[in-house]
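Position one of the sequence shown corresponds to residue 1385 (the working numbering), numbered consecutively onward.
Just so it is clear, CB atoms sit at the ideal spot from N, CA and C, and this is done for glycine as well.
Given the structure is predicted, the values throughout are model-derived calculations rather than measurements.
Step one of this worksheet: look at the structure below.
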Amino acid sequence: RAPDSTDRFGFGGDPNLDPETSLNLELGLNHRFNAHHALSLSAFDNRIEDLIEYNTASSRMENIGKARIYGLEGAYNFDLGRWHLRVTAIAQNPENDKTNEQLLRRAKHTMTASLTYQQKLYSVLVDFLATGKRKDVTEDLDAYQLVNATLQLRPYGGWLAQLKVENLLDENYELAKSYNTPERSFYFELAYNYR
1385 RAPDSTDRFG
1395 FGGDPNLDPE
1405 TSLNLELGLN
1415 HRFNAHHALS
1425 LSAFDNRIED
1435 LIEYNTASSR
1445 MENIGKARIY
1455 GLEGAYNFDL
1465 GRWHLRVTAI
1475 AQNPENDKTN
1485 EQLLRRAKHT
1495 MTASLTYQQK
1505 LYSVLVDFLA
1515 TGKRKDVTED
1525 LDAYQLVNAT
1535 LQLRPYGGWL
1545 AQLKVENLLD
1555 ENYELAKSYN
1565 TPERSFYFEL
1575 AYNYR
């Protein structure tokens, strides 16, 4: 990946960063048991050169050299009429090849789940995200869980009204130490789709 504008010109940015290069290997298996159940499993091994990371000693973004992220990912899908469920889990080891330390702000374990109920005139969607603890510059970041919910109404024609609540349980969490994240937030959208 090429360095983005934040990597180059944001806090601690470096306009002379090199792009990352990587070799990604993945072996996967997908199986549909029947019309309602499907499972996928994969093993992955990503080797990255010139990884762009924050260097705590220099307080700058730098190409840290080599990194390796390897692990397993599993996903389960369940469909039954108007109900749809998808659960994904990842167990990985994100490490700096030079220091053998865990890469900053990258969890070893994550899980997502999405449950949808869909009718002709409305649908309800609930998302769940769980992220394990992560290493940061001076101390570890706590694990956290987020729940988001969306209600969509399609009253007639091309109209769509949507109410979304992010961080429904008002979880206090950090993606980077001492940087705030949004509290419970409400969003409303009204749209019309011309056909």
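Paired residues, beta bridge with residue i - DSSP
i, result
"Phe1395", "Answer is none; Phe1395 lacks a bridge partner."
"Val1531", "Phe1512"
"Leu1411", "Ala1427"
"Val1549", "Ala1533, Phe1570"
"Gly1458", "Leu1425, Ala1473"
"Asn1439", "Arg1444"
"His1468", "Asp1463, Thr1500"
"Arg1579", "Note: Arg1579 sits in no beta bridge, so no partner."
"Asp1524", "Lys1519"
"Ser1406", "Ile1432"
"Thr1494", "Ile1474, Thr1515"
"Tyr1506", "Leu1537"
Any chain C beta carbon closer than 7 Å to residue i
i, result
"Lys1492", "Protein chains in the displayed structure number just one, and chain C is not present."
Cβ-Cβ distance between residue i and residue j below 7 Å
i, j, result
"Ser1443", "Gly1396", "yes"
"Leu1552", "Val1531", "yes"
"Asp1434", "Glu1404", "yes"
"Gly1516", "Lys1492", "yes"
"Ile1432", "Ser1406", "yes"
"Tyr1454", "Asn1477", "yes"
"Glu1580", "Arg1452", "In the structure displayed, the chain extends from 1385 to 1579; residue 1580 sits before or after that span and is not available."
Length of the line joining the Cα atoms of residue i and residue j
i, j, result
"Tyr1438", "Arg1490", "12 Å"
"Tyr1578", "Gly1542", "6 Å"
"Asp1388", "Glu1446", "13 Å"
"Asn1418", "Gly1412", "19 Å"
"Arg1518", "Ala1545", "37 Å"
"Asp1402", "Lys1450", "13 Å"
"Leu1509", "Ala1533", "6 Å"
"Asp1481", "Phe1572", "45 Å"
"Asn1400", "Gln1529", "37 Å"
"His1415", "Gly1465", "20 Å"
"Ile1448", "Leu1574", "45 Å"
"Ala1427", "Asp1524", "27 Å"
"Asp1391", "Phe1570", "30 Å"
Contact belief for residue i with residue j at Cβ below 8 Å, rounded distance in angstroms
i, j, result
"Ala1527", "Met1495", "The pair is not a contact, with the Cβ atoms about 11 Å apart (cut-off 8 Å)."
"Pro1566", "Glu1555", "So it is not a contact: roughly 10 Å between Cβ atoms."
For this session: Decide if the region 1554-1564 is in contact with the region 1534-1546; the criterion is three or more beta carbon pairs, one per stretch, under 8 Å apart.
Result: Between the region 1554-1564 and the region 1534-1546, the count of Cβ pairs shorter than 8 Å is below three; the stretches do not touch.
For this session: Would you check if the region 1458-1473 and the region 1490-1507 touch, i.e. whether three or more CB-CB distances between them fall below 8 Å?
Result: Taking 8 Å as the limit for Cβ pairs, the verdict is that the region 1458-1473 does touch the region 1490-1507.
Exercise. Should the region 1421-1433 be regarded as contacting the region 1442-1461, the criterion being three or more beta carbon pairs within less than 8 Å?
Worked result: Enough Cβ pairs lie closer than 8 Å, so yes.
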